[in-house]
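Novice: Encoded as structure tokens, here's the structure I'll be asking about.
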Amino acid sequence: MSSFITVLLDGLAYGMVLFIISVGLTVTMGLMRITNVAHGGFAMVGGYLAAMMIRAGVPFFPAAILASVAAGLVGGAVEMTVLRPLYRKGELAQVLLTFGLTFVFIAGLTLLFGTNSQAVPLPDYLSGSVHIGFRDYPAYRLFLIATGLVLAVFLWLVVDRSLYGAKLRAAVDNPRIARAVGINVNRLFTGTFIAGCGLAGFGGVVGAELLMLEPFYALKYLVVFLVVVVVGGLGNFKGSFVAALAIGIIDTAGKFFFPNISAYFFFSLVFVLLLWRPNGLMPAKSAA
Amino acid sequence: MRKQLVGFCAVGALLAATGIASAETVKVGVISTFSGGFARWGEQMKRGIEIYQKHHGDSVKGNKIEIVYRDDTGPVPDKARQLAEELILREKVQFIAGFPWSPNALAVADVVTEAKVPTIIWNAATGVITRRSPYFVRTSFTLPQVAYPMGVWAGKNGVKTAITAITEFAPGVDAETFFIKAFKENGGQVLESIRMPLSTTDFSPFFERILNAKPDALFMFGPGGPSSQGIIATWASRLRPAGIKLLATNEIQEIDLVGVGKNGIGAISTGHYTETNDNELNKRMWADMKAMYGEKAIADIAMVATYDGMEMIYRVVEKLGPRAKPEDIMQMMSNMSFPSPRGRLVIDPKERDVVNDVDIRKVDESGGRVTNVAFDKVPSVKDPWKEANPAK
Numbered sequence: 000m001s002s003f004i005t006v007l008l009d010g011l012a013y014g015m016v017l018f019i020i021s022v023g024l025t026v027t028m029g030l031m032r033i034t035n036v037a038h039g040g041f042a043m044v045g046g047y048l049a050a051m052m053i054r055a056g057v058p059f060f061p062a063a064i065l066a067s068v069a070a071g072l073v074g075g076a077v078e079m080t081v082l083r084p085l086y087r088k089g090e091l092a093q094v095l096l097t098f099g100l101t102f103v104f105i106a107g108l109t110l111l112f113g114t115n116s117q118a119v120p121l122p123d124y125l126s127g128s129v130h131i132g133f134r135d136y137p138a139y140r141l142f143l144i145a146t147g148l149v150l151a152v153f154l155w156l157v158v159d160r161s162l163y164g165a166k167l168r169a170a171v172d173n174p175r176i177a178r179a180v181g182i183n184v185n186r187l188f189t190g191t192f193i194a195g196c197g198l199a200g201f202g203g204v205v206g207a208e209l210l211m212l213e214p215f216y217a218l219k220y221l222v223v224f225l226v227v228v229v230v231g232g233l234g235n236f237k238g239s240f241v242a243a244l245a246i247g248i249i250d251t252a253g254k255f256f257f258p259n260i261s262a263y264f265f266f267s268l269v270f271v272l273l274l275w276r277p278n279g280l281m282p283a284k285s286a287a
Numbered sequence: 000m001r002k003q004l005v006g007f008c009a010v011g012a013l014l015a016a017t018g019i020a021s022a023e024t025v026k027v028g029v030i031s032t033f034s035g036g037f038a039r040w041g042e043q044m045k046r047g048i049e050i051y052q053k054h055h056g057d058s059v060k061g062n063k064i065e066i067v068y069r070d071d072t073g074p075v076p077d078k079a080r081q082l083a084e085e086l087i088l089r090e091k092v093q094f095i096a097g098f099p100w101s102p103n104a105l106a107v108a109d110v111v112t113e114a115k116v117p118t119i120i121w122n123a124a125t126g127v128i129t130r131r132s133p134y135f136v137r138t139s140f141t142l143p144q145v146a147y148p149m150g151v152w153a154g155k156n157g158v159k160t161a162i163t164a165i166t167e168f169a170p171g172v173d174a175e176t177f178f179i180k181a182f183k184e185n186g187g188q189v190l191e192s193i194r195m196p197l198s199t200t201d202f203s204p205f206f207e208r209i210l211n212a213k214p215d216a217l218f219m220f221g222p223g224g225p226s227s228q229g230i231i232a233t234w235a236s237r238l239r240p241a242g243i244k245l246l247a248t249n250e251i252q253e254i255d256l257v258g259v260g261k262n263g264i265g266a267i268s269t270g271h272y273t274e275t276n277d278n279e280l281n282k283r284m285w286a287d288m289k290a291m292y293g294e295k296a297i298a299d300i301a302m303v304a305t306y307d308g309m310e311m312i313y314r315v316v317e318k319l320g321p322r323a324k325p326e327d328i329m330q331m332m333s334n335m336s337f338p339s340p341r342g343r344l345v346i347d348p349k350e351r352d353v354v355n356d357v358d359i360r361k362v363d364e365s366g367g368r369v370t371n372v373a374f375d376k377v378p379s380v381k382d383p384w385k386e387a388n389p390a391k
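Protein chains in written order, with numbering that gives the first Met the number 0: chain Z, 0 to 287; chain U, 0 to 391.
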């Protein structure tokens, strides 16, 4: 029983990291139909920046927030300069360009930091263990779960309860009508893209213990991020939350119960799920 | 008069001949990984060469030793084979060296055998490699050579039960097989053998399973880099508090401990090169490395195997000259024994493979760095794979 709860907590913590990083991607791919395979790159940039700042003496949280802002700004710059001209060019051009961008990230970080992995040092109060009734459990993972929950509630309030959110949902569901009623979809998109990249950067920092920072981060974990988006349904926030948690828990449980076939187990489940619901668990209306 | 003339000519020809000989260039083709996620291998080998040339110059008796680098981009056997052909046909190299990867080394065996080019393996650690070509010689180690002593040590030092957890690829299986063999021979019991996918990011569920089984120790094998670091970090947070030991081989190197920090403390491993070795050559290599590449540079097994491989080539050119017959070169290289940063490099002439003293080390904090500290040694270990698979 104790192991059961531990595995559940481990899965939740992993799922929360996936959610924080992937939620921006679901916006990019859902809102403007941009196939952005460079998303992991923004998470990686955030992580590297935070690692650098913390080593230079900046405390953990300010470093994490500054690094996410920086990742968001990098994202904004990329969106305005190289992505925008591609909106009407079709998926192949978008995949090629963002894939190339991923290699730019990889080569740039290799040049600056070398090929070794980078540790993001945790503050003392996060690196220890907390007694949770039946055993000691790493404080860091409890922190991940809490952070993920807070962010999820915050995003839900923004998306479901604010005017900004209403416009965003309108633009996701039907960009043409949204434009017709006077919503500036392009500006909405840039703003959301920046926020999404910022969140990815934040995920890169706080998730660095689970998804190790190294130059190939952007490619290595891309598949998992894409799986979250596809399983959740393009452009659906709640969908990506549910999908990220489900994937985190299923993957973790798979490794615990069937360690020698865990990779097949995970991808077979995704395969079956997509056969059953090709548009994901909760597709946005425009995709259905 | 006529006689004199002939004499002059002969002397002149002799002078000319030695003149040419002393201006010869010996080309060494190095096939290693210089780009992509595994570029550290190439970088460390290049540094090993440069440090060696700083110590011994870039020529031997006036013969310039020229290094020609080629990038195999990772474990890509076809690419390695094509590069070897190019080095032999176009660059006309006298030696080939490098090979971080076993599949790449195996892929060039036919090529170097046919062209009779002496080839030095600077890392690839699968046992069978040196059997595949009479022109192969190895200065690194073999996986069974380090995994087997780990199993023996565990069995003799109070470890009764163990679980093995390896990332799933060929060398991992080699490590698993020989650890289990040695551990069982020494009275140990293996509770479970877990094979984790290479793509694993979060190791905690595997470790939760191991925690439930309560073995005395976990034997791990990782591919080096982030993946191995993830295994070590998860051990530190989940299994170390429960008193489960971590046993490993060469993937616990100081160069990888940088990303792990104090999480690694207490891990026990076997390896043929320990960074804190107290010999003059090792200290000199470290000092020059720091001077040449900065304080952050760290020596590893790739650098040491390269350093020793260069010593082999220099000794051959010194004694046999720049244009020796490949058979003579192989004969000489197979019988070599000389001081190395690891202690001593010894080649077993029968198998053309390295015989290593295997250190048993523990990760500890020493002089402000988290590194390996050797506390025991198994002298002169030959490759156990070859003993288990005698040549026909």
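Think of the CB as a built atom: it goes at the ideal place given N, C-alpha and C, for glycine as much as any other residue.
In this text the structure is predicted, and so the values were computed from the model without any measurement.
(1) With a threshold of 7 Å on Cβ separation, who are the neighbours of U/P392 within its own chain once the five nearest residues in sequence on each side are excluded?
(2) Using a Cβ-Cβ cut-off of less than 9 Å, give me the residues of the region 204 to 227 of chain Z that come near chain U, in sequence order.
(3) From the DSSP output, read off the bridge partner residues of Z/G89.
(4) Among Z/I249, Z/S261, Z/G231, Z/F265, whose alpha-carbon lies nearest the alpha-carbon of Z/S288?
(5) Is the Cβ of Z/P258 closer than 8 Å to any Cβ of chain U?
(6) With a CB to CB cut of under 7 Å and the five nearest residues on each side skipped, what residues in its chain are close to U/T72?
(7) Output needed for U/M335: all residues of its chain with C-beta closer than 8 Å, excluding positions within five of it in sequence on either side, in chain order.
(8) Just reading off the beta strand (DSSP E) that U/V257 is part of, what are its end residues?
(9) If we cut at 8 Å on Cβ distances, does Z/P137 have a partner in chain A?
(10) What are the partner residues of Z/Y139, as DSSP defines its beta bridges?
(11) In chain order, what residues of the same chain lie with their CB nearer than 8 Å to the CB of Z/E208, ignoring the 5 residues before and after it?
(12) Against chain U, with Cβ distances strictly below 8 Å, would Z/Y163 count as a contact?
(13) Just verifying my parser: in three-state terms, what is the DSSP assignment at U/L280?
(14) Candidates U/V189, U/E326, U/R368: which alpha carbon is nearest U/D255's?
(15) Would you grab the beta carbon distance between U/V111 and U/V92 for me? Rounded to a whole angstrom, and I think it's under 8 Å.
(16) May I have the straight-line CA-CA distance separating Z/Y263 from Z/V223, to the nearest angstrom?
(17) Report yes if the CB atom of U/R208 is closer than 8 Å to the CB atom of Z/P258, and no otherwise.
(18) Between which residues of its own chain and U/N388 is the CB-CB distance below 8 Å, once the five residues before and five after are set aside?
(19) In whole angstroms, what separates the C-alpha of U/K159 from that of U/G187?
(20) Check whether chain Z comes within 8 Å of U/A20, counting only Cβ atoms and requiring the distance to be less than that.
(21) In chain U, which residues lie with their C-beta within 7 Å of the C-beta of Z/F255?
(22) Residues in the region 100 to 117 of chain Z with C-beta within 8 Å of chain U's C-beta atoms, listed in sequence order?
(23) Quick one: what's got a C-beta closer than 6 Å to U/T269's C-beta in the same chain, skipping five residues either side?
(24) Between which residues of its own chain and U/I352 is the CB-CB distance below 6 Å, once the five residues before and five after are set aside?
(25) Tell me, which residues are paired with U/G270 by DSSP?
(26) How many angstroms separate the CA atom of Z/A286 from the CA atom of Z/V157?
(27) U/F182 lies in the alpha helix (DSSP H); which residues open and close that run?
(28) Where does Z/Y163 land, buried or exposed, given buried means 16+ other C-beta within 10 angstroms?
(29) Determine the extent of the beta strand (DSSP E) in which U/T24 is found, giving its start and end residues.
(30) Enumerate in chain order the residues of its own chain whose CB-to-CB distance from Z/V305 is below 8 Å, with the five nearest sequence positions on each side excluded.
(31) Output needed for Z/I248: all residues of its chain with C-beta closer than 7 Å, excluding positions within five of it in sequence on either side, in chain order.
(32) Taking a cut of 7 Å between CB atoms, which residues from the region 17 to 51 of chain U lie near chain Z?
(33) Mind listing the chain Z neighbours of U/V257? Cutoff is C-beta to C-beta under 9 Å, in chain order.
(34) Rounded to the nearest angstrom, what separates Z/H130 and U/N211 at their Cα positions?
(35) Quick one, which of U/A232, U/P133, U/E191 has its alpha-carbon nearest Z/M211's?
Specialist: On the basis of the supplied data:
(1) Residue 392 of chain U is absent from the structure shown; chain U starts at 0 and stops at 391.
(2) E208, L209, L210, M211, L212, E213, P214, F215, Y216, L218, K219, Y220, V222, V223
(3) Here residue 89 of chain Z corresponds to residue number 90 of the first sequence, with the count starting at 1. Answer is none; Z/G89 lacks a bridge partner.
(4) Outside the displayed range of chain Z (0 to 287) lies residue 288 of chain Z, so it cannot be described from this structure.
(5) The residue labelled residue 258 of chain Z in the question sits at position 259 within the first sequence. Judged by the 8 Å Cβ criterion, Z/P258 is in contact with chain U.
(6) The residue labelled residue 72 of chain U in the question sits at position 73 within the second sequence. Excluding sequence neighbours, U/T72 sits near T32, S34, G35, K78.
(7) The residue given as residue 335 of chain U occupies position 336 in the second sequence. Hits under 8 Å: M311, R314, L344, V345, I346.
(8) On the second sequence, position 258 is the one that residue 257 of chain U refers to. From DSSP, U/V257 is part of no beta strand (DSSP E); its letter is neither H nor E.
(9) The chain labelled as chain A is not found among the protein chains of the depicted structure, namely Z and U.
(10) As a working note, residue 139 of chain Z is residue 140 in the first sequence. In the DSSP output, where bridge partners are listed per residue, Z/Y139 has none listed.
(11) Within the first sequence, numbered from 1, the residue matching residue 208 of chain Z stands at position 209. For Z/E208, where only same-chain residues beyond five positions count, the Cβ hits under 8 Å are V119, L121, Y139.
(12) Position 164 of the first sequence, counting from 1, holds the residue named residue 163 of chain Z. Not an interface residue.
(13) In the second sequence, the residue the question calls residue 280 of chain U occupies position 281. Residue state, collapsed to three classes: helix.
(14) In the second sequence, residue 255 of chain U corresponds to position 256, counting from 1. Minimum Cα distance to U/D255 is reached at U/R368.
(15) By 1-based counting over the second sequence, the position of residue 111 of chain U is 112. By 1-based counting over the second sequence, the position of residue 92 of chain U is 93. Wrong, their Cβ atoms sit about 10 Å apart, outside the cutoff.
(16) Position 264 of the first sequence, counting from 1, holds the residue named residue 263 of chain Z. Position 224 of the first sequence, counting from 1, holds the residue named residue 223 of chain Z. The straight-line gap from Cα to Cα measures roughly 14 Å.
(17) For this step, residue 208 of chain U is matched to residue 209 along the second sequence. For this step, residue 258 of chain Z is matched to residue 259 along the first sequence. Yes, the Cβ-Cβ distance between U/R208 and Z/P258 is below 8 Å.
(18) What you label residue 388 of chain U is simply residue 389 of the second sequence in a count that begins at 1. Only G126, V127 meet the Cβ criterion.
(19) In the second sequence, counting from the first residue as 1, residue 159 of chain U sits at position 160. In the second sequence, counting from the first residue as 1, residue 187 of chain U sits at position 188. Straight-line Cα distance between these residues: approximately 5 Å.
(20) By one-based count along the second sequence, residue 20 of chain U stands at place 21. The pLDDT assigned to U/A20 is 48, lower than 50, so where the model puts this residue is not dependable, and the model offers no usable value.
(21) Locating residue 255 of chain Z in the first sequence gives position 256, where the first residue counts as 1. Here the neighbours are P204, E207, R208.
(22) T109, G113, T114, N115, S116, Q117
(23) Position 270 of the second sequence holds residue 269 of chain U. Excluding residues within five positions, the ones whose Cβ falls inside 6 Å are V145, P148, M149, T248, V357, I359.
(24) Walking along the second sequence from the start, residue 352 of chain U turns up at place 353. Note on identity: in this sequence residue 352 of chain U is Asp, with Ile being the wrong assignment. Closer than 6 Å at the Cβ level, and outside the excluded window around U/D352, lie T129, R137, D382.
(25) On the second sequence, position 271 is the one that residue 270 of chain U refers to. In DSSP, U/G270 forms a bridge with U/D358.
(26) Taking the first residue of the first sequence as position 1, residue 286 of chain Z is located at position 287. Taking the first residue of the first sequence as position 1, residue 157 of chain Z is located at position 158. Only weak support exists for where Z/A286 lies, its pLDDT of 45 falling under 50; the value from the coordinates is given anyway. Approximately 22 Å between the Cα atoms of the pair.
(27) Against the second sequence, residue 182 of chain U aligns to sequence position 183. It spans 169 to 184 - the alpha helix (DSSP H) in which U/F182 sits, taken as one unbroken run.
(28) Position 164 of the first sequence, counted from the first residue, corresponds to residue 163 of chain Z. Answer is exposed; the Cβ neighbour count stays below 16.
(29) The residue given as residue 24 of chain U occupies position 25 in the second sequence. U/T24 -> beta strand (DSSP E) spans 24 to 31.
(30) No answer is possible for residue 305 of chain Z: it lies beyond the span of chain Z, which begins at 0 and ends at 287.
(31) In the first sequence, counting from the first residue as 1, residue 248 of chain Z sits at position 249. The answer, listed in chain order, is L7, G10, L11, G14.
(32) G36, A38, R39
(33) In the second sequence, residue 257 of chain U corresponds to position 258, counting from 1. Chain Z residues near U/V257: N115, S116, A118.
(34) What you label residue 130 of chain Z is simply residue 131 of the first sequence in a count that begins at 1. What you label residue 211 of chain U is simply residue 212 of the second sequence in a count that begins at 1. Rounded to the nearest angstrom, the two C-alpha atoms are 18 Å apart.
(35) Position 212 of the first sequence, counted from the start, is the residue given in the question as residue 211 of chain Z. Checked all of U/A232, U/P133, U/E191; the closest Cα to Z/M211 is U/A232.
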